[in-house]
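Chains E and B supply the protein sequences, listed in that same order. The opening position of the first sequence corresponds to residue 94 in this note's numbering, with each subsequent residue numbered one higher. The opening position of the second sequence corresponds to residue 11 in this note's numbering, with each subsequent residue numbered one higher.
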Amino acid sequence: MTMATIEPIEINARFVPNPVLVKGEGRPLVYLHGLIGQEWPDLLDRLSGRFRVHAPAHAGSTDARDLESLDGFSDLVLYYDDLFDRLGLDQFDLVGHSFGGAVAAEYAATFNRRVRKLVLIDALGLWDDDHPVADHLLAPEATRRGLLYHDPESPAALARHKLPEGQEEMLAAMIGDITALASTAHFFHPIPERGLDRRLHRITAETLVIWGEADRLTPPFYGRAFETGLQRARLAIVPDAGHSPHIEQAAQVEALISGFLA
Amino acid sequence: MERKTYAGDVIRPVGILKEDVLMKSIFFHMQGYRDMPRDFAQRYESVWITPPSDELCDPETAGKYFRWNMEELELADELGFDGLGINEHHQNAYGFPVSPNLMAAILARRESNAAIINLGNTLPLYNPPIRVAEEFALLDCLSGGRLVAGIPVGTPMDTVGCYGLPPTQVRARYYEAHDLIKQAWTRPGPFPFNGRFTKLRYVNPWPKPIQKPHPPIWLAGGGSMETWKFATDNNYAYNFLSFGGPLAAKAMMQGYWDQVERAGLDDNPYRAGFAQMVVVGETDAEAERLYLDHLRNFFAISMHTPPHFAGIPGVMTTDSIRNLVKKNVNLTYKQYENPYETSWKDIVESRRVIGGSPETVADVLEESIRDLRVGHLMFILQIQSMDRELTEYNMRLFAERVMPRIRRIWDDEGHVDHWWPARATTQRKSAGTLEVVA
Chain E
94 MTMATIEPIE INARFVPNPV LVKGEGRPLV YLHGLIGQEW PDLLDRLSGR
144 FRVHAPAHAG STDARDLESL DGFSDLVLYY DDLFDRLGLD QFDLVGHSFG
194 GAVAAEYAAT FNRRVRKLVL IDALGLWDDD HPVADHLLAP EATRRGLLYH
244 DPESPAALAR HKLPEGQEEM LAAMIGDITA LASTAHFFHP IPERGLDRRL
294 HRITAETLVI WGEADRLTPP FYGRAFETGL QRARLAIVPD AGHSPHIEQA
344 AQVEALISGF LA
Chain B
11 MERKTYAGDV IRPVGILKED VLMKSIFFHM QGYRDMPRDF AQRYESVWIT
61 PPSDELCDPE TAGKYFRWNM EELELADELG FDGLGINEHH QNAYGFPVSP
111 NLMAAILARR ESNAAIINLG NTLPLYNPPI RVAEEFALLD CLSGGRLVAG
161 IPVGTPMDTV GCYGLPPTQV RARYYEAHDL IKQAWTRPGP FPFNGRFTKL
211 RYVNPWPKPI QKPHPPIWLA GGGSMETWKF ATDNNYAYNF LSFGGPLAAK
261 AMMQGYWDQV ERAGLDDNPY RAGFAQMVVV GETDAEAERL YLDHLRNFFA
311 ISMHTPPHFA GIPGVMTTDS IRNLVKKNVN LTYKQYENPY ETSWKDIVES
361 RRVIGGSPET VADVLEESIR DLRVGHLMFI LQIQSMDREL TEYNMRLFAE
411 RVMPRIRRIW DDEGHVDHWW PARATTQRKS AGTLEVVA
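1) Can you check whether the C-beta of Val447 of chain B is within less than 8 angstroms of a C-beta belonging to chain E?
2) Let's test the definition: count the other Cβ atoms within 10 Å of the Cβ of Pro332 of chain E and tell me whether it reaches 16, buried, or not, exposed.
3) I need the straight-line Cα distance from His428 of chain B to Leu305 of chain B, nearest angstrom please.
4) Nearest-angstrom Cα distance between Ile21 of chain B and Lys222 of chain B?
5) Which one of B:Glu84, B:Leu129, B:Pro69 and B:Ala125 has the shortest CA to CA distance from Phe284 of chain B?
6) With DSSP as the reference, label Thr178 of chain B as helix, strand or coil.
7) Under DSSP, the beta strand (DSSP E) around Phe37 of chain B begins and ends at which residues?
8) Give the secondary structure of Lys255 of chain E by DSSP, where H, G and I count as helix, E and B as strand, and everything else as coil.
9) Taking Pro101 of chain E as part of the beta strand (DSSP E), name the residues at either end of that continuous run.
10) Check the Cβ-Cβ distances between Glu258 of chain E and every residue of chain B, and say whether any is below 8 angstroms.
11) Is the distance from the Cβ of Ile416 of chain B to the Cβ of Met33 of chain B below 8 angstroms?
12) May I have the straight-line CA-CA distance separating Gly90 of chain B from Glu82 of chain B, to the nearest angstrom?
13) Compare the beta carbon distance of Ser337 of chain E and Gly305 of chain E with 8 angstroms and say whether it is the shorter of the two.
14) From His151 of chain E to Pro215 of chain B, what does the alpha carbon distance come to, in whole angstroms?
15) Would you mind telling me which residues of chain E sit closer than 9 angstroms to Gly174 of chain B, beta carbon to beta carbon, in chain order?
16) Could you name the residues of the same chain whose beta carbon sits closer than 8 angstroms to that of Asn205 of chain E, not counting the 5 residues immediately before and after it, in chain order?
17) With a cut-off of 8 angstroms, does the C-beta of Leu182 of chain E fall near any C-beta of chain B?
18) The segment 155-172 of chain B: which residues have C-beta closer than 8 angstroms to a C-beta of chain E, in chain order?
19) Report yes or no: is there a C-beta of chain E within less than 8 angstroms of the C-beta of Gly231 of chain B?
20) Taking three-plus beta-carbon pairs below 8 angstroms as touching, is the segment 226-237 of chain B in contact with the segment 155-173 of chain B?
21) Have a look at Phe250 of chain B and Gly95 of chain B and give me their C-alpha separation to the nearest angstrom.
22) Alpha carbons only, please: which of E:Lys116, E:Arg107, E:Leu310 and E:Glu118 is nearest the one belonging to His190 of chain E?
23) Below 8 angstroms CB to CB, which residues in the same chain sit around Arg237 of chain E once its five sequence neighbours on both sides are set aside?
24) Within the continuous beta strand (DSSP E) that includes Lys210 of chain E, where are the two ends?
25) What does Ile322 of chain B reach in chain E if we use C-beta pairs closer than 7 angstroms?
26) Below 9 angstroms between beta carbons is the criterion; list the residues of the segment 201-219 of chain E that meet it against any residue of chain B, in chain order.
27) So, at 7 angstroms on beta carbons, what are the nonlocal neighbours of Leu323 of chain E in its own chain, with the 5 sequence-adjacent residues on each side left out?
28) Checking contacts by CB at 8 angstroms: is Leu57 of chain B closer than that to chain E?
29) Report yes if the CB atom of Ala125 of chain B is closer than 8 angstroms to the CB atom of Arg156 of chain B, and no otherwise.
30) Taking 8 angstroms as the CB-CB cut-off, is Pro107 of chain B touching chain D?
31) Under 8 angstroms between C-beta atoms, does His450 of chain B make it to chain E?
32) What are the boundary residues of the beta strand (DSSP E) that His318 of chain B is part of?
33) For a contact meaning CB atoms closer than 7 angstroms, what does Thr237 of chain B contact in chain E?
34) So, with DSSP's three-state summary, where would you put Met388 of chain B?
35) What are the residues that DSSP puts in a beta bridge with Gly305 of chain E?
36) Which term fits Tyr315 of chain E, buried or exposed, when burial requires 16 or more other beta carbons within 10 angstroms of its beta carbon?
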């Protein structure tokens, strides 16, 4: 697996350049990451065989000062619209996981003509009192891992959280993790719901909703809620996966996405 | 001889005034729930945010404790403490003074010369924060200019946990609220305030504080470098509130004093305050007999807050995290493995609690106060399960036999306490009267 290239994209003077990971040739695909920071999982490498994959870091997830210019999802959606312009994207496929799923849905509801097809993987953004989304923020690390994965001890899950060697590098990585978690909390703490249900009807793109069967953070109830609330959506439940099926069952999720986007 | 108060008033003393050079003893009340189950830590996740109210906090009993707390604060006034200290916490069994301004209002109404150390209003939690400017001004007026306006950032438990603020917004809201309050007190109104979080067309609080330009502002910190810097940028008093004792606090206080030096300010000890638990008996042995079990309760119950509540991602800046890691500072207090088997010797030798006979306590305190270089001491004399009677016993022994021995610690250096309310002077009756000239 060859690593993607980092393309630092300037948005404007208010933000640090976004270190967008880019790889592959083909139709453009954008991947928006979840709660724990920018990533280039095996899934994206597989997809880069067919698509030109762009994986930005969420604003504020690498430098918290970005957040001073972002007071909510509408600001964040415009940030991404600028970023997609700078990347030269016109219409594209949009994939979002968890927090990134909420951003992808908000984006698709706002700029509904730019999103060709939408994939939501265990997306946040909805709330039901009888099925509360779990609190990953005020939780010890072990509990948080348990919320993120069906099996936090699986090789794929462990690999996702592997820290680099060397004291400075390790400290930097740990601070990076904290900054990333905080940047999503900036928009979603303490309840990850900001009215997306009122905007879902605006999403015109055909949507694939992928959900880990054992998601303890955002239970499959929400997969069905997205399926019901969207105009053209299909739900695929992934067995032996929790909140992160794209990590836990990469091959299966890649097959689902490739089939859907074909 | 004329001199100026912190607030800039000219004061012409009549008689001899000594209060502004005295080390200040503040009776600080945590206002906790005194009747907690001994196996609390085994049964519950945390003393803060999540201890279920219906299971643990009986309203009738809470009412009794609120009355005891007020009686103890009033007793402290009668015993000659220089200041009466209160603060703000939420959903916390070791202290649930949900609105310190309510307690301060009761104290402000009393005929008294003691400072009211309101430490304070957790600024990010007040919307709009003009309310703090109004209520502090009300308290300053009602008390006749005896208020200290404490403006803590707030703990992660209170701000992010109980009040649901995104951790990344706590400091931003804090700085903006501070800016608004300071302007509200010092600028002629009405004027517009266009903040990121607060937008007000007509800022024009009624009343403004008696103390001009405003009451002394005190900060409360737990080790954030930003707070040290904020203190020196604004020449505010900084208070380190810990339950770790002076030995554990040394590195942290030194960090503050280093910042004071970097900022080119003098090393006036009244820039700094510190909270300390103290228990006094007639003898060391009596102190052990009377208090050991209560201290064990405190460590077992009150200190039962998990690290993931104190260390919520986003509360600390990356610079502060790096600083803590580099200095190897652990902000979560060392927990005793078996608090109920911890010995008196362990506790007092580590100085987490300073305890013993009046002589022992005064000696250890003097050394600690000099070592940390603090001019404002917040003494915590009611600890966890101590009842009304035992608390009073501790307070009387402290006030009568310890306090007189530590008051003169900083006299030789001749510093003036610029951070003390102009009209709060417990010694006024004996030392003369104050005449404040606007």
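Don't be surprised by glycine CBs; every beta carbon is placed ideally from N, CA and C.
Inspection of the coordinates gives the following:
1) Here residue 447 of chain B corresponds to residue number 437 of the second sequence, with the count starting at 1. Because the pLDDT at Val447 of chain B is just 41, under 50, the model does not fix this residue reliably, and the value given afterwards should be weighed accordingly. Chain E contact via Cβ: absent.
2) Position 239 of the first sequence, counted from the first residue, corresponds to residue 332 of chain E. Exposed, since its Cβ has fewer than 16 Cβ neighbours within 10 Å.
3) The residue given as residue 428 of chain B occupies position 418 in the second sequence. The residue given as residue 305 of chain B occupies position 295 in the second sequence. Straight-line Cα distance between these residues: approximately 35 angstroms.
4) By one-based count along the second sequence, residue 21 of chain B stands at place 11. By one-based count along the second sequence, residue 222 of chain B stands at place 212. With a pLDDT of 44 at Ile21 of chain B, under the threshold of 50, the modelled position of this residue cannot be trusted; read the value that follows with caution. Looking at the two C-alpha atoms, the distance is approximately 12 angstroms.
5) If you number the second sequence from 1, residue 284 of chain B lands on position 274. Taking only the C-alpha atoms, the option nearest Phe284 of chain B is B:Leu129.
6) Residue 178 of chain B sits at position 168 when you count from the first residue of the second sequence. Correct three-state label for Thr178 of chain B: helix.
7) Translated into positions along the second sequence, residue 37 of chain B becomes position 27. Where Phe37 of chain B is concerned, the enclosing beta strand (DSSP E) stretches over Lys34 to Phe38.
8) Looking up residue 255 of chain E in the first sequence gives position 162. In the structure shown, Lys255 of chain E sits in coil (DSSP, three-state: anything other than H, G, I, E or B).
9) Counting from 1 along the first sequence, the entry for residue 101 of chain E is found at position 8. Counting along the chain, Pro101 of chain E sits inside the beta strand (DSSP E) bounded by residues Thr98 to Ile102.
10) Position 165 of the first sequence, counting from 1, holds the residue named residue 258 of chain E. Residue-level contact check: Glu258 of chain E does not touch chain B, since none of the beta carbons of chain B fall below 8 angstroms from its beta carbon.
11) The count along the second sequence starts at 1 and reaches residue 416 of chain B at position 406. The count along the second sequence starts at 1 and reaches residue 33 of chain B at position 23. Yes, the pair counts as a contact, with Cβ atoms nearer than the cut-off.
12) Counting from 1 along the second sequence, the entry for residue 90 of chain B is found at position 80. Counting from 1 along the second sequence, the entry for residue 82 of chain B is found at position 72. Each residue's Cα considered, the two are about 12 angstroms apart.
13) By one-based count along the first sequence, residue 337 of chain E stands at place 244. By one-based count along the first sequence, residue 305 of chain E stands at place 212. A contact, by the Cβ cut-off of 8 angstroms.
14) Taking the first sequence and counting its residues from 1, the one referred to as residue 151 of chain E is at position 58. Taking the second sequence and counting its residues from 1, the one referred to as residue 215 of chain B is at position 205. Their backbone Cα atoms lie some 41 angstroms apart in a straight line.
15) The count along the second sequence starts at 1 and reaches residue 174 of chain B at position 164. Those are His282, Pro283 and Ile284, listed as they occur along chain E.
16) To locate residue 205 of chain E, count along the first sequence from 1; it is residue 112. Within the same chain, Asn205 of chain E has close Cβ partners Arg295, Ile296, Thr297 and Ala298.
17) Indexing the first sequence from 1 puts residue 182 of chain E at position 89. Among the CB atoms of chain B, none fall inside 8 angstroms of the CB of Leu182 of chain E.
18) Val170 and Gly171
19) Sequence index remark: in the second sequence, residue 231 of chain B carries index 221 (1-based). Judged by the 8 angstroms Cβ criterion, Gly231 of chain B is not in contact with chain E.
20) yes
21) In the second sequence, residue 250 of chain B corresponds to position 240, counting from 1. In the second sequence, residue 95 of chain B corresponds to position 85, counting from 1. Cα to Cα, the separation comes out at about 14 angstroms.
22) Walking along the first sequence from the start, residue 190 of chain E turns up at place 97. The candidate whose alpha carbon is nearest that of His190 of chain E is E:Leu310.
23) Within the first sequence, numbered from 1, the residue matching residue 237 of chain E stands at position 144. Answer for Arg237 of chain E: His229, listed in chain order.
24) Along the first sequence, one-based indexing puts residue 210 of chain E at 117. Taken as a continuous stretch (DSSP letters only), the beta strand (DSSP E) holding Lys210 of chain E covers Val208 to Ile214.
25) To locate residue 322 of chain B, count along the second sequence from 1; it is residue 312. Within chain E, the residues near Ile322 of chain B are Leu230 and Leu231.
26) none
27) Working through the first sequence from its first residue, we reach residue 323 of chain E at position 230. If we look at Leu323 of chain E and ignore the five residues flanking it on each side, its Cβ neighbours are Leu293, Ile296 and Thr300.
28) For this step, residue 57 of chain B is matched to residue 47 along the second sequence. Correcting the residue identity first, residue 57 of chain B is Val in this sequence and not Leu. Output row for Val57 of chain B: interface = no.
29) By 1-based counting over the second sequence, the position of residue 125 of chain B is 115. By 1-based counting over the second sequence, the position of residue 156 of chain B is 146. It is a contact, given that the beta carbons lie within the stated cut-off.
30) Of the chains in the structure shown, none is chain D; the protein chains are E and B.
31) Residue numbering for chain B in the displayed model covers 11 to 448; residue 450 of chain B lies beyond these limits and cannot be assessed.
32) Looking up residue 318 of chain B in the second sequence gives position 308. Here His318 of chain B belongs to no beta strand (DSSP E); instead the alpha helix (DSSP H) covers Pro317 to Ala320.
33) Your numbering for residue 237 of chain B matches position 227 in the second sequence. Per Cβ cutoff of 7 angstroms: no residues; Thr237 of chain B is ~17 angstroms from chain E at best.
34) Counted from its first residue, the second sequence places residue 388 of chain B at position 378. Met388 of chain B falls in the strand class under three-state DSSP.
35) For the purposes of this step, residue 305 of chain E is taken as the residue at position 212 of the first sequence. Its beta-bridge partners are E:Val331.
36) Taking the first sequence and counting its residues from 1, the one referred to as residue 315 of chain E is at position 222. Its Cβ being crowded by 16 or more others within 10 Å, Tyr315 of chain E is buried.
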